[in-house]
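**Student:**
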Amino acid sequence: MSRPAIADIHLDHLRHNYQLARRVHGHRVLAALKANAYGHGAVPCAQALSGLADGFGVAAIEEALELRAAGITAPILLLEGFFDASELPLIAQHKLWLTVHHRWQVDALLAAELSQPLHVWLKLDSGMHRVGLDPQEYRAAHAALLASGKVSEMVLMSHFARADELDAEATRQQLALFQQCTEGLSGARSLANSPGLMGWPAAHSDWGRAGIMLYGSTPFPQSHPIANDLKPVMRLSSKVIGVRELAANEPIGYGGATLTSRPSRIGVVALGYADGYPRIARNGTPVAIDGQHSQLLGRVSMDMLTVDLTDLPACGLGSEVELWGPTVRVEQVAASAQTISYEILCNVKRAHFRYHGGKA
Ligand SMILES: *Cc1c(COP(=O)(O)O)cnc(C)c1O
Numbered sequence: 005m006s007r008p009a010i011a012d013i014h015l016d017h018l019r020h021n022y023q024l025a026r027r028v029h030g031h032r033v034l035a036a037l038k039a040n041a042y043g044h045g046a047v048p049c050a051q052a053l054s055g056l057a058d059g060f061g062v063a064a065i066e067e068a069l070e071l072r073a074a075g076i077t078a079p080i081l082l083l084e085g086f087f088d089a090s091e092l093p094l095i096a097q098h099k100l101w102l103t104v105h106h107r108w109q110v111d112a113l114l115a116a117e118l119s120q121p122l123h124v125w126l127k128l129d130s131g132m133h134r135v136g137l138d139p140q141e142y143r144a145a146h147a148a149l150l151a152s153g154k155v156s157e158m159v160l161m162s163h164f165a166r167a168d169e170l171d172a173e174a175t176r177q178q179l180a181l182f183q184q185c186t187e188g189l190s191g192a193r194s195l196a197n198s199p200g201l202m203g204w205p206a207a208h209s210d211w212g213r214a215g216i217m218l219y220g221s222t223p224f225p226q227s228h229p230i231a232n233d234l235k236p237v238m239r240l241s242s243k244v245i246g247v248r249e250l251a252a253n254e255p256i257g258y259g260g261a262t263l264t265s266r267p268s269r270i271g272v273v274a275l276g277y278a279d280g281y282p283r284i285a286r287n288g289t290p291v292a293i294d295g296q297h298s299q300l301l302g303r304v305s306m307d308m309l310t311v312d313l314t315d316l317p318a319c320g321l322g323s324e325v326e327l328w329g330p331t332v333r334v335e336q337v338a339a340s341a342q343t344i345s346y347e348i349l350c351n352v353k354r355a356h357f358r359y360h361g362g363k364a
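Letter by letter, the sequence shown follows residues 5 to 364 in the numbering used here.
(1) Determine the closest residue to residue 239 out of 113, 25, 348 and 63, with distance taken between C-alpha atoms.
(2) Run the CB neighbour count on residue 87, radius 10 Å, all protein chains shown included, and call it buried at 16 or more, exposed below.
(3) What is the DSSP secondary structure of residue 38, reduced to helix, strand or coil?
(4) In its own chain, which residues sit with a C-beta less than 6 Å from the C-beta of residue 248, not counting the 5 before and 5 after it?
(5) My guess is that residue 230 and residue 42 are in contact by the Cβ rule of under 8 Å, so how many angstroms apart are they, rounded?
(6) As a quick exercise: from 318, 104 and 316, pick the residue whose alpha carbon is nearest that of residue 162.
(7) Any idea what DSSP makes of residue 256, helix, strand or coil?
(8) Quick one: what's got a C-beta closer than 6 Å to residue 14's C-beta in the same chain, skipping five residues either side?
(9) Indicate the three-state DSSP secondary structure (helix, strand or coil) for residue 268 in the structure shown.
(10) Say the cut is 8 Å; is the CB of residue 22 nearer than that to a heavy atom of ligand 1?
(11) Considering only residues of the same chain and omitting the five flanking positions on each side of residue 345, which have a CB-CB separation below 7 Å?
(12) Excluding the 5 residues preceding and the 5 following residue 28 in the sequence, name in chain order all residues of the same chain whose CB lies nearer than 7 Å to its CB.
(13) Confirm the yes/no value for this check: CB of residue 8, any heavy atom of ligand 1, distance under 8 Å.
(14) Restricting to Cα atoms, I'd like to know which of 81, 72 and 329 is closest to residue 11.
(15) When the Cα of residue 308 is compared with those of 182, 56, 256 and 298, which residue comes out closest?
(16) Taking a contact to mean a Cβ-Cβ separation below 9 Å, would you say residue 294 touches residue 274 in this structure?
(17) Can residue 58 and residue 204 be called in contact, C-beta distance under 9 Å?
(18) For residue 358, which residues from the same chain have a beta carbon less than 8 Å from its beta carbon, with the 5 sequence-adjacent residues on both sides left out?
(19) What is the residue span of the alpha helix (DSSP H) that residue 93 lies within?
(20) Can you find at least 3 beta carbon pairs, one from the region 166 to 179 and one from the region 142 to 157, that sit closer than 8 Å?
(21) Pick from 324, 298 and 305: whose alpha carbon is nearest that of residue 314?
(22) Can you name, in chain order, every residue of its own chain whose Cβ lies under 7 Å from the Cβ of residue 80, other than the five neighbours on each side?
(23) DSSP beta-bridge partners for residue 11?
(24) Which word fits residue 108, buried or exposed, when buried means at least 16 other C-beta atoms lie within 10 angstroms of its C-beta?
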């Protein structure tokens, strides 16, 4: 192997985080593996969780079929359901579960010729106003689907817009509306995403749906007791491939946007935005060089970025640089790039993926 940009994926940490989610929730938990398992590799993550996870969640049938082709037999929920009724035969054939979140999907399902009834998660818009049936149409859709014989099992679900705000009145309102709309209806319930699961015990129900926490990242901006027990699954690292000694007031990198504030030693690291490191990460974004804290300096380029070695005289050519992992929290990098860890992790690519802690 030549280029040293590496994403180490610790599957034992993924299993640890899943077990923690299950313990906190107290009931079944679906593991969200959409978007290539938030950038970690959907197939190896599904294999690591198989026999442990109660089911998996993906965005679309393509992602589900990739898991089925890899031998995953656990339940797989299509979190956006189907995009076209022509997918329904494959959904039935591969025993996929599907979300129904819009009136057109209800109608298409009622009109479909199915070889067998389907397992449906009927989604209510309880206030996020993205997908989900309106409160006024929810009970009628539930009744029509049950009466049609096209549905073998129904789970009643909704999704929170602001559960990462630990005292959001909006979340209490969503819970109350869900309660009111589903009162007396048959079927299991599913409400909590990671922030719901970690921070809103009132949102615990038959099925949790955990994503970001499984990958060891907290959804909360502030510290949280459960977050302390999460283990980061990904460690992104590379090496110093060049060192420059610069006087004060010398520009570094494209645009000359950063000037050295003092006589400086700058390390050039073989990892850039084409590997998923955010280009807009600011000067001062934390990195760890041979385990010691330092910072990004200068603009990130496609294949390289530059870090400050001035206070680390023992570091130089060949030093190992952690961009995020156990030492540098991915949330800090995300905050420095004005985004969330979800987006940072999803974007990782090109770096060489190495898997650890898989099952024998
Ligand atoms: C992705 C997803 C989740 C997981 O969300 P996290 O915040 O990552 O835990 C839960 N529910 C649905 C419907 C999703 O699409």
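For each residue, glycine too, the CB sits at the ideal point set by N, CA and C.
**Tutor:** The structure says:
(1) Answer by Cα proximity: 348.
(2) Around the beta-carbon of residue 87, fewer than 16 other beta-carbon atoms lie within 10 Å, marking it exposed.
(3) Taken through DSSP and simplified to helix, strand or coil, residue 38 comes out as helix.
(4) The residues are 270.
(5) Their Cβ separation, rounded to whole angstroms, is 18 Å, which puts residue 230 and residue 42 out of contact at 8 Å.
(6) Of the residues 318, 104 and 316, the one whose Cα lies closest to the Cα of residue 162 is 104.
(7) Assignment of residue 256 by DSSP, reduced to helix, strand and coil, places it in the strand class.
(8) Once the five neighbours on either side are set aside, the close Cβ partners of residue 14 are 237, 360 and 361.
(9) Correct three-state label for residue 268: strand.
(10) Not one heavy atom of ligand 1 falls within 8 Å of the beta-carbon of residue 22.
(11) When the five nearest sequence neighbours on each side are left out, the beta carbons in the same chain lying within less than 7 Å of the beta carbon of residue 345 are those of 216, 221, 334, 335 and 338, in order along the chain.
(12) Taking residue 28 as the centre and dropping the five residues before and after it, the same chain places the C-beta of 201, 202 and 230 closer than 7 Å to its C-beta, in chain order.
(13) Relative to the non-hydrogen atoms of ligand 1, the Cβ of residue 8 never comes closer than 8 Å to any of them.
(14) Residue 11 has its Cα closest to that of 329, out of 81, 72 and 329.
(15) The option with the nearest alpha carbon to residue 308 is 256.
(16) No, Cβ-Cβ distance for residue 294 and residue 274 is not below 9 Å.
(17) Taking 9 Å as the cut-off, the beta carbon of residue 58 is found no closer than this to the beta carbon of residue 204.
(18) Same-chain partners within the cutoff: 10, 11, 12 and 13.
(19) Counted as a single uninterrupted DSSP element, the alpha helix (DSSP H) harbouring residue 93 occupies residues 92 to 97.
(20) Segments in contact, no.
(21) Taking only the C-alpha atoms, the option nearest residue 314 is 298.
(22) Answer for residue 80: 59, 60, 62, 68, 71, 100 and 101, listed in chain order.
(23) For residue 11, which the question treats as bridged, DSSP gives the partners 240 and 357.
(24) Exposed: under 16 other Cβ atoms inside 10 Å.
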